[in-house]
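Undergrad:
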Amino acid sequence: EMSDAAVLTDKFAHAIQKSLIEWQDLASAVKFAMPFFTSTGQSIDQLLGSLQILTDRALEAGIAGRGLRQGLAEFAESALDAEVGFRKMGVEILNSEGEMLQLTEIAAQFAEAVGEDISNTELLTVLIEDLNVRGATAFVHLVQASDKFTQAVKDTENAGGELDKMVETQNASLQAQIEILKTSVLTMFAFRDANYEGTEFINAFH
66 EMSDAAVLTD
76 KFAHAIQKSL
86 IEWQDLASAV
96 KFAMPFFTST
106 GQSIDQLLGS
116 LQILTDRALE
126 AGIAGRGLRQ
136 GLAEFAESAL
146 DAEVGFRKMG
156 VEILNSEGEM
166 LQLTEIAAQF
176 AEAVGEDISN
186 TELLTVLIED
196 LNVRGATAFV
206 HLVQASDKFT
216 QAVKDTENAG
226 GELDKMVETQ
236 NASLQAQIEI
246 LKTSVLTMFA
256 FRDANYEGTE
266 FINAFH
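So for the sequence shown, this note's numbering puts the first residue at 66; every next one is plus one.
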(Lines of atoms letter the chains of each structure in order from A and count residues from 1; the text may use other names and numbers.)
(Lines give C-alpha, C1' and ligand atoms only; values in the text may rest on other atoms or scores of the structure.)
Protein backbone atom coordinates (compact mmCIF):
# COMPACT_ATOMS: atom_id res chain seq x y z
CA GLU A 1 0.00 0.00 0.00
CA MET A 2 1.16 3.57 -0.64
CA SER A 3 0.67 4.20 3.08
CA ASP A 4 3.51 1.72 3.73
CA ALA A 5 6.00 3.74 1.69
CA ALA A 6 7.67 5.39 4.70
CA VAL A 7 8.05 2.08 6.55
CA LEU A 8 9.50 0.36 3.49
CA THR A 9 11.88 3.22 2.81
CA ASP A 10 13.17 2.95 6.38
CA LYS A 11 13.73 -0.78 5.85
CA PHE A 12 15.57 -0.17 2.58
CA ALA A 13 17.69 2.54 4.20
CA HIS A 14 18.47 0.21 7.10
CA ALA A 15 19.58 -2.57 4.72
CA ILE A 16 21.86 -0.17 2.87
CA GLN A 17 23.42 1.27 6.03
CA LYS A 18 23.99 -2.14 7.62
CA SER A 19 25.51 -3.94 4.63
CA LEU A 20 27.41 -3.48 1.38
CA ILE A 21 24.23 -3.03 -0.69
CA GLU A 22 23.80 0.16 -2.70
CA TRP A 23 20.50 1.60 -3.90
CA GLN A 24 20.75 0.47 -7.54
CA ASP A 25 21.88 -3.04 -6.53
CA LEU A 26 19.08 -3.31 -4.00
CA ALA A 27 16.56 -2.49 -6.74
CA SER A 28 17.99 -5.27 -8.91
CA ALA A 29 17.91 -7.83 -6.10
CA VAL A 30 14.35 -6.96 -5.08
CA LYS A 31 13.20 -7.18 -8.70
CA PHE A 32 14.50 -10.74 -9.04
CA ALA A 33 13.52 -12.12 -5.64
CA MET A 34 10.42 -10.29 -4.42
CA PRO A 35 7.79 -12.19 -6.48
CA PHE A 36 9.01 -15.51 -5.05
CA PHE A 37 9.18 -14.16 -1.50
CA THR A 38 5.62 -12.87 -1.84
CA SER A 39 4.24 -16.09 -3.33
CA THR A 40 5.84 -18.24 -0.61
CA GLY A 41 4.65 -16.02 2.25
CA GLN A 42 8.07 -14.60 3.14
CA SER A 43 8.22 -11.10 4.60
CA ILE A 44 10.09 -8.12 3.17
CA ASP A 45 12.25 -8.35 6.30
CA GLN A 46 13.31 -11.86 5.31
CA LEU A 47 14.35 -10.64 1.87
CA LEU A 48 16.27 -7.61 3.13
CA GLY A 49 17.89 -9.62 5.93
CA SER A 50 18.97 -12.26 3.40
CA LEU A 51 20.47 -9.64 1.11
CA GLN A 52 22.39 -8.04 3.96
CA ILE A 53 24.04 -11.38 4.79
CA LEU A 54 24.73 -12.36 1.19
CA THR A 55 26.20 -9.04 0.07
CA ASP A 56 28.41 -8.89 3.17
CA ARG A 57 29.69 -12.31 2.08
CA ALA A 58 30.78 -10.88 -1.28
CA LEU A 59 27.78 -11.90 -3.40
CA GLU A 60 26.72 -9.09 -5.74
CA ALA A 61 23.14 -8.11 -4.88
CA GLY A 62 21.66 -9.04 -8.26
CA ILE A 63 23.26 -12.48 -8.08
CA ALA A 64 22.07 -12.82 -4.47
CA GLY A 65 18.52 -11.99 -5.57
CA ARG A 66 18.64 -14.63 -8.30
CA GLY A 67 20.03 -17.18 -5.86
CA LEU A 68 17.29 -16.50 -3.33
CA ARG A 69 14.69 -16.80 -6.08
CA GLN A 70 16.10 -20.15 -7.17
CA GLY A 71 16.30 -21.45 -3.62
CA LEU A 72 12.71 -20.55 -2.78
CA ALA A 73 11.47 -21.98 -6.07
CA GLU A 74 13.18 -25.30 -5.34
CA PHE A 75 11.87 -25.32 -1.76
CA ALA A 76 8.33 -24.77 -3.02
CA GLU A 77 8.64 -27.44 -5.71
CA SER A 78 9.89 -30.10 -3.29
CA ALA A 79 7.87 -29.05 -0.23
CA LEU A 80 5.89 -32.31 -0.07
CA ASP A 81 8.65 -34.64 -1.29
CA ALA A 82 9.83 -36.69 1.69
CA GLU A 83 12.74 -38.06 -0.33
CA VAL A 84 14.43 -34.70 -0.80
CA GLY A 85 17.80 -34.54 0.94
CA PHE A 86 17.12 -31.80 3.45
CA ARG A 87 13.78 -33.30 4.46
CA LYS A 88 15.50 -36.65 5.03
CA MET A 89 17.79 -34.76 7.40
CA GLY A 90 14.79 -33.71 9.46
CA VAL A 91 14.52 -30.19 8.08
CA GLU A 92 10.91 -29.18 7.52
CA ILE A 93 9.97 -26.24 5.35
CA LEU A 94 6.21 -26.27 5.94
CA ASN A 95 4.27 -25.53 9.11
CA SER A 96 1.25 -27.50 10.34
CA GLU A 97 -1.04 -25.45 8.08
CA GLY A 98 0.99 -26.35 5.00
CA GLU A 99 2.49 -22.87 4.68
CA MET A 100 6.19 -22.37 4.06
CA LEU A 101 8.19 -21.45 7.12
CA GLN A 102 10.13 -18.22 7.13
CA LEU A 103 13.58 -18.52 5.63
CA THR A 104 15.28 -17.80 8.97
CA GLU A 105 13.54 -20.83 10.50
CA ILE A 106 14.53 -23.11 7.62
CA ALA A 107 18.15 -21.92 7.76
CA ALA A 108 18.27 -22.39 11.56
CA GLN A 109 16.88 -25.93 11.25
CA PHE A 110 19.42 -26.77 8.59
CA ALA A 111 22.29 -25.31 10.63
CA GLU A 112 21.24 -27.44 13.59
CA ALA A 113 20.86 -30.55 11.43
CA VAL A 114 24.28 -30.34 9.80
CA GLY A 115 26.12 -29.25 12.92
CA GLU A 116 29.55 -27.62 12.98
CA ASP A 117 31.52 -30.63 11.72
CA ILE A 118 30.35 -30.53 8.12
CA SER A 119 32.69 -28.77 5.69
CA ASN A 120 31.64 -26.05 3.26
CA THR A 121 32.16 -28.46 0.36
CA GLU A 122 29.99 -31.16 1.93
CA LEU A 123 27.27 -28.66 2.77
CA LEU A 124 27.29 -27.26 -0.76
CA THR A 125 27.12 -30.78 -2.21
CA VAL A 126 24.06 -31.62 -0.12
CA LEU A 127 22.34 -28.37 -1.09
CA ILE A 128 23.21 -28.46 -4.79
CA GLU A 129 21.36 -31.76 -5.14
CA ASP A 130 18.14 -30.11 -3.99
CA LEU A 131 18.47 -26.39 -4.67
CA ASN A 132 20.47 -26.17 -7.89
CA VAL A 133 23.82 -24.37 -7.92
CA ARG A 134 22.45 -20.84 -7.75
CA GLY A 135 20.00 -21.56 -4.93
CA ALA A 136 22.57 -23.58 -2.99
CA THR A 137 25.16 -20.82 -3.26
CA ALA A 138 22.78 -18.34 -1.63
CA PHE A 139 21.28 -20.66 0.97
CA VAL A 140 24.59 -22.07 2.21
CA HIS A 141 25.61 -18.57 3.35
CA LEU A 142 22.33 -18.15 5.23
CA VAL A 143 22.90 -21.50 6.95
CA GLN A 144 26.48 -20.68 7.88
CA ALA A 145 25.43 -17.29 9.25
CA SER A 146 22.10 -18.45 10.67
CA ASP A 147 22.33 -16.44 13.91
CA LYS A 148 23.42 -13.26 12.11
CA PHE A 149 20.70 -13.83 9.53
CA THR A 150 18.03 -14.07 12.22
CA GLN A 151 19.37 -10.93 13.91
CA ALA A 152 19.47 -9.04 10.61
CA VAL A 153 15.81 -9.87 10.00
CA LYS A 154 14.83 -8.78 13.52
CA ASP A 155 16.74 -5.52 13.16
CA THR A 156 15.06 -4.88 9.82
CA GLU A 157 11.64 -5.53 11.33
CA ASN A 158 12.36 -2.88 13.96
CA ALA A 159 13.93 -0.37 11.59
CA GLY A 160 12.38 3.01 12.18
CA GLY A 161 13.60 6.48 11.33
CA GLU A 162 16.52 5.02 9.41
CA LEU A 163 15.98 7.25 6.39
CA ASP A 164 15.95 10.33 8.62
CA LYS A 165 19.25 9.22 10.17
CA MET A 166 20.74 8.73 6.71
CA VAL A 167 19.60 12.16 5.56
CA GLU A 168 20.87 13.80 8.76
CA THR A 169 24.30 12.21 8.29
CA GLN A 170 24.46 13.27 4.65
CA ASN A 171 23.35 16.80 5.51
CA ALA A 172 25.96 17.05 8.27
CA SER A 173 28.63 15.93 5.83
CA LEU A 174 27.45 18.43 3.24
CA GLN A 175 27.40 21.23 5.82
CA ALA A 176 30.96 20.40 6.84
CA GLN A 177 32.09 20.57 3.21
CA ILE A 178 30.36 23.93 2.78
CA GLU A 179 32.14 25.30 5.88
CA ILE A 180 35.50 24.18 4.48
CA LEU A 181 34.75 25.80 1.13
CA LYS A 182 33.51 29.01 2.80
CA THR A 183 36.67 29.27 4.90
CA SER A 184 38.85 28.71 1.83
CA VAL A 185 37.08 31.46 -0.10
CA LEU A 186 37.21 33.82 2.90
CA THR A 187 40.95 33.17 3.21
CA MET A 188 41.58 34.48 -0.30
CA PHE A 189 39.82 37.75 0.39
CA ALA A 190 40.37 38.51 4.07
CA PHE A 191 43.44 36.79 5.50
CA ARG A 192 46.53 39.05 5.51
CA ASP A 193 49.84 37.50 4.54
CA ALA A 194 52.90 38.99 6.32
CA ASN A 195 54.95 38.49 3.16
CA TYR A 196 52.87 41.19 1.48
CA GLU A 197 53.05 43.80 4.25
CA GLY A 198 54.10 47.10 2.74
CA THR A 199 53.21 46.07 -0.83
CA GLU A 200 49.68 47.46 -0.70
CA PHE A 201 48.35 43.92 -1.15
CA ILE A 202 46.63 41.74 1.48
CA ASN A 203 48.03 38.46 0.13
CA ALA A 204 49.12 36.71 -3.06
CA PHE A 205 45.58 36.31 -4.32
CA HIS A 206 44.87 40.00 -3.78
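For each residue, glycine too, the CB sits at the ideal point set by N, CA and C.
Values in this document were obtained by computation on a predicted structure and should not be read as measured data.
Please work out which residues of its chain come closer than 7 Å, Cβ to Cβ, to Leu85, disregarding the five sequence neighbours upstream and downstream, and give them in chain order.
TA: Mapped onto the sequence shown, residue 85 falls at position 20. Here the set comprises Thr120, Asp121.
Undergrad: What ranges does the alpha helix (DSSP H) occupy inside the segment 84 to 157, keeping only unbroken runs of at least 4 residues that lie completely in it?
TA: Runs found: 88 to 104, 109 to 121, 126 to 142, 150 to 153.
Undergrad: For a test of the three-state rule: what should DSSP assign to Leu239, helix, strand or coil?
TA: If you number the sequence shown from 1, residue 239 lands on position 174. Here Leu239 sits in helix by DSSP.
Undergrad: May I ask which residues mark the beginning and end of the alpha helix (DSSP H) holding Phe214?
TA: The count along the sequence shown starts at 1 and reaches residue 214 at position 149. Its alpha helix (DSSP H) spans residues 211 to 222.
Undergrad: Which residues in the same chain as His79 place their Cβ atom closer than 8 Å to its Cβ, once the five residues preceding and following it in sequence are excluded?
TA: The sequence position of residue 79 within the sequence shown is 14, counting from 1. Once the five neighbours on either side are set aside, the close Cβ partners of His79 are Leu113, Asp220, Thr221, Ala224, Glu227.
Undergrad: In this structure, does DSSP put Leu166 in helix, strand or coil?
TA: Within the sequence shown, residue 166 is the residue found at index 101, counting from 1. Looking at Leu166 - three-state DSSP - the assignment turns out to be coil, as it is neither helix nor strand.
Undergrad: Since Glu157 and Asp195 are thought to touch, with beta carbons under 8 Å apart, how far apart are those beta carbons, to the nearest angstrom?
TA: To locate residue 157, count along the sequence shown from 1; it is residue 92. To locate residue 195, count along the sequence shown from 1; it is residue 130. Not confirmed; about 14 Å, so no contact.
Undergrad: If Ala203 and Leu133 are in contact, beta carbons under 8 Å, what's the gap, nearest whole angstrom?
TA: Indexing the sequence shown from 1 puts residue 203 at position 138. Indexing the sequence shown from 1 puts residue 133 at position 68. Between Leu133 and Ala203 the Cβ distance is about 5 Å, and since that is below 8 Å, they are a contact.
Undergrad: Below 8 Å between beta carbons: does that hold for Ser211 and Ala173?
TA: In the sequence shown, residue 211 corresponds to position 146, counting from 1. In the sequence shown, residue 173 corresponds to position 108, counting from 1. Against a cut-off of 8 Å, the Cβ pair of Ala173 and Ser211 comes out as a contact.
Undergrad: Can you tell me the Cβ-Cβ gap for Leu168 and Gln107, rounded? I've got them flagged as a contact below 8 Å.
TA: Along the sequence shown, read from residue 1 onward, the residue named residue 168 stands at position 103. Along the sequence shown, read from residue 1 onward, the residue named residue 107 stands at position 42. Yes, Leu168 and Gln107 are in contact; Cβ-Cβ is about 6 Å, under 8 Å.
Undergrad: Just the Cα atoms here: how many angstroms apart are Glu265 and Ile243?
TA: Taking the first residue of the sequence shown as position 1, residue 265 is located at position 200. Taking the first residue of the sequence shown as position 1, residue 243 is located at position 178. About 31 Å.
Undergrad: Over the uninterrupted alpha helix (DSSP H) stretch that includes His271, give me the two end residues.
TA: On the sequence shown, residue 271 is found 206 positions in, with the first residue counted as 1. Unbroken run through His271: none, as it is neither H nor E.
Undergrad: Pull up the distance between the alpha-carbon of Ala176 and that of Arg131, whole angstroms please.
TA: For the purposes of this step, residue 176 is taken as the residue at position 111 of the sequence shown. For the purposes of this step, residue 131 is taken as the residue at position 66 of the sequence shown. Roughly 22 Å separates the two Cα atoms.
Undergrad: For Leu73, report the span of its alpha helix (DSSP H) as first-last.
TA: Residue 73 sits at position 8 when you count from the first residue of the sequence shown. Start and end: 70 to 82.
Undergrad: Check this for me: beta carbons of Ala126 and Leu137, under 8 Å apart or not?
TA: Here residue 126 refers to the residue found at position 61 of the sequence shown. Here residue 137 refers to the residue found at position 72 of the sequence shown. Against a cut-off of 8 Å, the Cβ pair of Leu137 and Ala126 comes out as no contact.
Undergrad: Among the residues of its own chain, which have a CB less than 6 Å from the CB of Ala141, if the five just before and after it don't count?
TA: Here residue 141 refers to the residue found at position 76 of the sequence shown. If we look at Ala141 and ignore the five residues flanking it on each side, its Cβ neighbours are Thr105.
Undergrad: When burial is assigned at 16 or more other CB atoms within 10 Å of the CB, is Ile118 buried or exposed?
TA: Walking along the sequence shown from the start, residue 118 turns up at place 53. It counts as buried.
Undergrad: Note down the Cα distance separating Ala98 from Gln89, rounded to an integer number of angstroms.
TA: For the purposes of this step, residue 98 is identified with residue 33 of the sequence shown, where counting begins at 1. For the purposes of this step, residue 89 is identified with residue 24 of the sequence shown, where counting begins at 1. Taking the straight line joining both Cα atoms gives about 15 Å.
Undergrad: By how many angstroms is the C-alpha of Thr74 removed from the C-alpha of Ala241?
TA: Residue 241 sits at position 176 when you count from the first residue of the sequence shown. Residue 74 sits at position 9 when you count from the first residue of the sequence shown. Taking the straight line from one Cα to the other gives about 26 Å.
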